[in-house]
Ligand SMILES: *Cc1c(COP(=O)(O)O)cnc(C)c1O
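Numbering (the working numbering), first residue to last: 584 to 961.
In structure tokens form, the structure reads like this:
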């Protein structure tokens with residue numbers, strides 16, 4: 584196996600699930616879309632289900648099929664809307680679609696009838712996300728339409744929150760408003776004598792900050808992968824542990840002279856004689872090129888039984904398959920020593936994301952397929 588690898592701490596996943604369970608006391612749906620936010624969905628799904636998670640969720644039909652092919656029998660929500668031509672596969676894989684429009688519901692019904700199956704469907708209500716889902720005033724009509732169908736059952740009613748991870752006053756008010764709209768739409772469904780099924784709304788932000796949004800099931804993604812939103816004090820608002828650690832090694836070490844340049848574009852020049860280490864990891868692996876000259880690589884050292892991590896700056900432009908680190912002229916680092924890019928003893932993917940003005944989701948999702956995932960403490 585190559586030296587560059589994403590180490591996935593499955594014990595952290597179990598701890599994070601326990602924390603969410605303890606806090607909310609509800610069912611948990613774990614989104615494993617996008618290959619479990621880049622962590623590898625079979626291992627994540629199996630560990631999550633072992634730890635008692637009741638539901639999984641994917642974005643595409645193919646993701647759901649791959650979970651089934653991997654032996655997963657738990658209920659799987661399908662968040663996004665597939666092409667009409669994918670509906671037969673959706674039914675064959677036994678996925679539970681989120682639907683909020685008549686055309687999709689009709690298509691699901693007619694394909695289910697054709698297959699002689701009954702599809703558990705979750706009515707998706709748009710309360711202010713502006714993505715998919717029906718208008719709140721249409722919820723009871725659609726719920727009735729689903730409930731009276733011979734080929735559909737109303738397994739749940741859901742909405743999605745746009746700013747639940749923010750502690751700004753106006754964002755808190757917006758989330759409260761979304762939840763209020765959601766609750767009154769549910770009332771309108773109940774008023775018709777229809778059981779709305781499992782009621783669910785809470786993503787990471789609402790699990791963390793809005794206990795009136797937990798209902799019968801919560802759907803936290805990034806929180807279970809170990810990244811909590813910041814509280815008003817700027818610290819993570821829940822004590823979750825990041826699962827992913829991106830590690831590699833020093834594949835080459837060389838001495839350079841003061842004034843020598845390193846990498847494409849000559850964007851870095853040695854201010855003094857120093858040692859430059861090469862790491863076999865680049866932007867094709869998912870290390871954002873915008874971090875060139877703007878991130879510390881942690882060099883791992885065994886010192887009397889303890890591992891010490893020393894942060895050293897990236898030197899020069901990140902290449903497709905390699906990047907360079909300024910080890911310093913007195914470095915004792917040796918070829919093949921382990922380095923950590925994020926997570927573990929180094930700052931986690933959320934810190935890297937802030938440096939780039941993005942979110943941890945994007946960092947972990949873009950760690951490429953070329954980087955093997957190594958699961959530990961399963
Ligand atoms: C991705 C997603 C979630 C999880 O969001 P996080 O911010 O990762 O907690 C929940 N619900 C829906 C519909 C989603 O698409």
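Quick reminder that beta carbons are idealized off the backbone N, C-alpha and C, glycines included. These numbers come from a predicted model, not from an experiment.
Contact test: residue i Cβ vs ligand 1 heavy atom, cutoff 7 Å
i: residue 743; result: yes
i: residue 719; result: no
i: residue 869; result: no
i: residue 960; result: no
i: residue 616; result: yes
i: residue 706; result: no
i: residue 600; result: no
i: residue 956; result: no
i: residue 804; result: yes
i: residue 951; result: no
i: residue 786; result: yes
i: residue 662; result: yes
Nearest-angstrom Cα separation, counted from residue j out to residue i
i: residue 695; j: residue 677; result: 11 Å
i: residue 839; j: residue 874; result: 22 Å
i: residue 889; j: residue 904; result: 31 Å
i: residue 810; j: residue 817; result: 13 Å
i: residue 623; j: residue 821; result: 24 Å
i: residue 693; j: residue 936; result: 44 Å
i: residue 683; j: residue 891; result: 53 Å
i: residue 771; j: residue 723; result: 6 Å
i: residue 862; j: residue 960; result: 26 Å
i: residue 603; j: residue 854; result: 49 Å
i: residue 590; j: residue 824; result: 13 Å
i: residue 882; j: residue 710; result: 48 Å
i: residue 594; j: residue 842; result: 47 Å
i: residue 806; j: residue 727; result: 35 Å
i: residue 758; j: residue 790; result: 12 Å
i: residue 909; j: residue 850; result: 13 Å
i: residue 648; j: residue 673; result: 8 Å
i: residue 733; j: residue 697; result: 12 Å
i: residue 775; j: residue 731; result: 12 Å
i: residue 646; j: residue 619; result: 10 Å
i: residue 658; j: residue 679; result: 7 Å
i: residue 953; j: residue 830; result: 13 Å
i: residue 712; j: residue 755; result: 14 Å
i: residue 858; j: residue 867; result: 25 Å
i: residue 598; j: residue 644; result: 29 Å
i: residue 587; j: residue 930; result: 17 Å
Outcome for residue i when other beta-carbon atoms lying within 10 angstroms are tallied against a minimum of 16
i: residue 668; result: exposed
i: residue 917; result: exposed
i: residue 827; result: buried
i: residue 815; result: exposed
i: residue 913; result: exposed
i: residue 752; result: exposed
i: residue 898; result: buried
i: residue 956; result: buried
i: residue 907; result: buried
i: residue 700; result: exposed
i: residue 739; result: buried
i: residue 856; result: exposed
Pair within 8 Å by beta-carbon distance, residue i and residue j
i: residue 832; j: residue 865; result: no
i: residue 664; j: residue 708; result: no
i: residue 928; j: residue 943; result: no
i: residue 660; j: residue 612; result: yes
i: residue 852; j: residue 846; result: no
i: residue 880; j: residue 922; result: yes
i: residue 609; j: residue 799; result: yes
i: residue 950; j: residue 869; result: yes
i: residue 947; j: residue 808; result: yes
i: residue 762; j: residue 795; result: yes
i: residue 719; j: residue 784; result: no
i: residue 706; j: residue 691; result: no
i: residue 626; j: residue 835; result: no
i: residue 792; j: residue 750; result: yes
i: residue 631; j: residue 596; result: yes
i: residue 725; j: residue 777; result: no
i: residue 893; j: residue 884; result: yes
i: residue 764; j: residue 735; result: no
i: residue 681; j: residue 655; result: no
Residue i CB to nearest heavy atom of ligand 3 below 7 Å
i: residue 897; result: As for ligand 3, it is missing from this structure, which binds only ligand 1.
Cβ distance (whole Å) where residue i is taken to contact residue j below 8 Å
i: residue 786; j: residue 802; result: 6 Å
i: residue 607; j: residue 797; result: 5 Å
i: residue 896; j: residue 939; result: At roughly 16 Å, the Cβ-Cβ gap does not stay under 8 Å, so residue 896 and residue 939 are not in contact.
i: residue 737; j: residue 780; result: 5 Å
i: residue 788; j: residue 819; result: With a Cβ gap of about 13 Å, residue 788 and residue 819 do not count as contacting.
i: residue 600; j: residue 634; result: 5 Å
i: residue 848; j: residue 900; result: 5 Å
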